[in-house]
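First residue of the sequence shown: -12, per my numbering; consecutive thereafter.
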Amino acid sequence: GMGPLWKAIDAAWASAIAKLPTPVLTRVVHEAVTFQQPKRAGLFRPKLRYAHQGGQNPPVIVIHGTALEHITDVYRRYLEGRFRDHFKLVGTPLRIELRSSHNPFSDKE
């Protein structure tokens, strides 16, 4: 009957409005980096510092760090998979935003 469909709808709705605590998100990011570091871009390897939830329905995870513009799409998908596995997010899109901190020495020669 309709039972499995309603269960799937409930699971998708729960995933879409899930509250993701900042300390847990940050721990998942650090575990992911420990397991597989992002590729080095020239001299610099992107550093992921911490993560927090930037919105719901769909969930938005904002990751702060340095040199994040060099993160590849493959690594983004890897992070998305880690978040989906840890928080059991099903049936909802997951958006990951990367915010690099400004380097105060970037304009010096």
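Think of the CB as a built atom: it goes at the ideal place given N, C-alpha and C, for glycine as much as any other residue.
DSSP-derived helix/strand/coil call for residue i
i   : result
G42 : strand
R27 : coil
T79 : coil
S87 : strand
I4  : coil
Exposure of residue i, with buried meaning 16 or more beta-carbon neighbours within 10 Å
i   : result
L7  : buried
V61 : exposed
G52 : buried
I48 : buried
V15 : buried
Residues of its chain near residue i, where Cβ-Cβ distance is below 7 Å and the 5 sequence neighbours each way are ignored
i     : result
V11   : none
A(-2) : V77 and G78
Span of the alpha helix (DSSP H) around residue i
i   : result
H73 : D60 to F74
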